[in-house]
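> Quick note, the sequence shown lines up with residues 3 to 385 if you use our numbering. Backbone N, C-alpha and C define an ideal beta-carbon position, used for all residues, glycine too. One structure follows; several queries about it will come next.
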Amino acid sequence: MKAIRNISRIFVGLVFLFSGFVKAVDPWGTAIKFNDYFFAMGLEALVPYTFILGVIMIAAEFVIGFSLLTCVKVKLASLGALIFMAIFTPVTLWLALKNPVSDCGCFGDAIKLTNWQTFFKNIIIIIPTILIFWQAKKFNSRFSGIMQWNIAGVGILIVGFIMWYSYVHLPIIDFLPYKEGTHLPDLMKAPKDAPKDEYAQMITLKDTTTGKQIEIDVNTYTVDSTYWGAGTKYKYISISEPKLIKKGYTPPIHDFNIYDSENNNYIDTALNSNSYVFIFISPKLEKASNKNIENISALYNYAIKNNYLFYALTSSMQKDIDTFIVHNKIPFSFYMCDETTLKSIVRSNPGLMLLKNGTILKKWSYFDFPNVTDIEKITLNNK
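So, in structure tokens, the structure goes:
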């Protein structure tokens, strides 16, 4: 029984530690997922608190896992793990049945699970969690009570530092398709043998001898002249709209566009340029920080002077764009892009991305916006 207890403790501890870590490296991503949950559940009033709630959950998961692995405060940690499972197992069942969001985000963007996979994963985890809680008093720590609190405190400091660093300087591990070094065009096209979307379309016919209506698949109708040939007893009534029955391959990057006010798309120009391309990104300008924004204006002038491309992307309304331009004395105009895509490219509002030959050379949060000297060093090393 002792071996089973310890295996269960280590297993649950690793799951919670990993789950907390992959969320801690991308706290904004966790906040975005909370946002999706709250809208799906009709809890829009909680949306302003998504970030702080995400931080609390990340810290709790990480510290629970850390405490279980180090065998400190096991009774409290096992209670926390049990509360987590008691809450999220029913939630994931609801997600699996209703499918209001496509991915639960239980392992951040590191591992994508379907809602049913997530539910069954929780069923597996809850069994050793109950065992640990039931046997909590039988776990003997090598440390005193005060030392156990100190060790748990170290866990809090570790996860706090990871979240702080990733918030200020972008995620320390980027699990999304837009990581530095990525050649974007490769992730925007499907392989030649990739499965395509499959659709069903039904045709309604009337049997003129009985008056009954029947429905047949359009492919069957096309090849079987019984339904449309000379002397047929069937009369065409209607055809349905195509219905997706099987999703095909979707490229990892499929919504990255650069639209101007006349709906011209400059994405190919940006990705095919063999020179440097600066892309300033703000999903919502009305929520953007203006910290170091003067660096961006200087970089725009530098780009124009050196015949480099510069695009500023947002999903904001024109009135918010105008306000941001006037308030920050911005010398450039904005192009449009999908908000979710912009949030995926850089976890900062605003942020900056530097491309060359369609490859991401570098990304920055607004805390770290480079100056012209910084960029000159990069261009010197990438000739």
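Tell whether a beta-carbon distance below 9 Å holds between residue 380 and residue 182.
The answer is no: Cβ separation not under 9 Å.
> Does the distance from the CB of residue 57 to the CB of residue 154 come in under 9 Å?
Against a cut-off of 9 Å, the Cβ pair of residue 154 and residue 57 comes out as no contact.
> Have a look at 194, 131, 291, 259 and flag the residue whose alpha-carbon is nearest the alpha-carbon of residue 78.
With distances taken between Cα atoms, residue 78 lies closest to 131.
> By DSSP's criteria, residue 219 is part of a beta bridge. Which residues make up the other side?
Answer is 204, bridged to residue 219.
> Report the three-state DSSP secondary structure of residue 256 (helix, strand or coil).
Residue state, collapsed to three classes: coil.
> Return the CA-CA distance between residue 59 and residue 369, expressed in angstroms with no decimal places.
For residue 59 and residue 369, the distance between alpha carbons rounds to 25 Å.
> For a minimum of 3 consecutive residues, which ranges assigned as the beta strand (DSSP E) are wholly contained in the region 351 to 381?
You should have 353 to 358, 361 to 367.
> What span of residues does the alpha helix (DSSP H) with residue 332 cover, start to end?
Careful: residue 332 lies outside any alpha helix (DSSP H) and carries neither H nor E.
> Which residue marks the beginning of the alpha helix (DSSP H) containing residue 148, and which one marks its end?
Taken as a continuous stretch (DSSP letters only), the alpha helix (DSSP H) holding residue 148 covers 147 to 171.
> Using the Cα positions of residue 333 and residue 178, report the straight-line distance between them to the nearest angstrom.
Taking the straight line joining both Cα atoms gives about 31 Å.
> Check for me: the beta strand (DSSP E) holding residue 240 runs from which residue to which?
Unbroken beta strand (DSSP E) run through residue 240: 236 to 241.
> If you compare alpha carbons, which of 265, 261, 243 is closest to residue 203?
Measuring from the Cα of residue 203, the nearest candidate turns out to be 243.
> If residue 337 sits next to residue 260, beta carbons under 8 Å apart, how far is it from one beta carbon to the other, in whole angstroms?
With 8 Å as the limit, residue 337 and residue 260 qualify as a contact, their Cβ atoms being about 5 Å apart.
> Just to confirm before moving on: does the CB-CB distance between residue 281 and residue 172 stay below 9 Å?
The answer is no: Cβ separation not under 9 Å.
> In the DSSP assignment, find the alpha helix (DSSP H) that holds residue 76 and state where it starts and stops.
Run containing residue 76: 76 to 100, per the alpha helix (DSSP H) assignment.
> Measure the C-alpha to C-alpha separation of residue 150 and residue 99 and round it to an integer number of angstroms.
Those two C-alpha atoms are separated by around 41 Å.
> Does the distance from the C-beta atom of residue 360 to that of residue 301 stay below 9 Å?
No, Cβ-Cβ distance for residue 360 and residue 301 is not below 9 Å.
> Looking at the secondary structure, which residues open and close the beta strand (DSSP E) in which residue 184 lies?
Here residue 184 belongs to no beta strand (DSSP E), and DSSP marks it neither H nor E.
> Could you pull out every unbroken alpha helix (DSSP H) segment of at least 4 residues lying fully inside the region 270 to 307, listed in chain order?
Fully enclosed alpha helix (DSSP H) runs of 4 or longer: 295 to 307.
> If you follow the beta strand (DSSP E) that residue 35 is part of, which residue opens it and which one closes it?
Unbroken run through residue 35 is the alpha helix (DSSP H), 29 to 42; no beta strand (DSSP E).
> From the DSSP output, in three-state form, read off residue 45 for me.
It is coil, neither helix nor strand.
> Helix, strand or coil, according to DSSP, for residue 338 in the structure here?
Residue 338 falls in the strand class under three-state DSSP.
> Can you tell me whether residue 109 is helix, strand or coil according to DSSP?
Reduced to three states, the DSSP call for residue 109 is coil.
> Within 8 Å, do at least three Cβ pairs link the region 17 to 37 to the region 157 to 170?
Counting Cβ pairs under 8 Å, three or more are found: they touch.
> Quick one: is residue 136 buried, meaning 16 or more other Cβ sit within 10 Å of its Cβ, or exposed?
Exposed is the call here.
> Taking only three categories from DSSP, how would you classify residue 123?
Residue 123 falls in the helix class under three-state DSSP.
> By the 10 Å Cβ neighbour count, where 16 or more other Cβ atoms means buried, how is residue 323 classified, buried or exposed?
Residue 323 should be labelled buried.
> Please report how far the alpha carbon of residue 176 lies from the alpha carbon of residue 139, in whole angstroms.
When rounded, the distance between both Cα atoms is 40 Å.
> Within the same chain, show all residues whose beta-carbon is closer than 7 Å to that of residue 34, passing over the 5 residues directly before and after it, in chain order.
Here the set comprises 345.
> Considering only DSSP beta bridges, list what residue 316 is partnered with.
DSSP lists 284, 338 as partners of residue 316.
> Starting from residue 246, follow the alpha helix (DSSP H) in both directions and report where the run begins and ends.
Looking at the DSSP string, residue 246 is not in any alpha helix (DSSP H); the run it does join, the beta strand (DSSP E), is 245 to 248.
> Leaving out five residues on either side along the sequence, give the residues of the same chain with a beta carbon under 8 Å from the beta carbon of residue 317.
Answer for residue 317: 285, 286, 338, 339, 340, 341, 344, listed in chain order.
> With which residues is residue 209 paired in a DSSP beta bridge?
Answer is 236, bridged to residue 209.
> May I ask you to list the residues that DSSP assigns as paired with residue 261?
267, 338, per the DSSP bridge assignment.
> Would you kindly work out how many angstroms separate the C-alpha atoms of residue 169 and residue 110, rounded to a whole number?
Between residue 169 and residue 110, the C-alpha separation is close to 15 Å.
> Who are the near neighbours of residue 102 in its chain, counting only those whose CB is closer than 7 Å to its CB and skipping five residues on each side?
Taken in chain order, the residues that qualify are 42.
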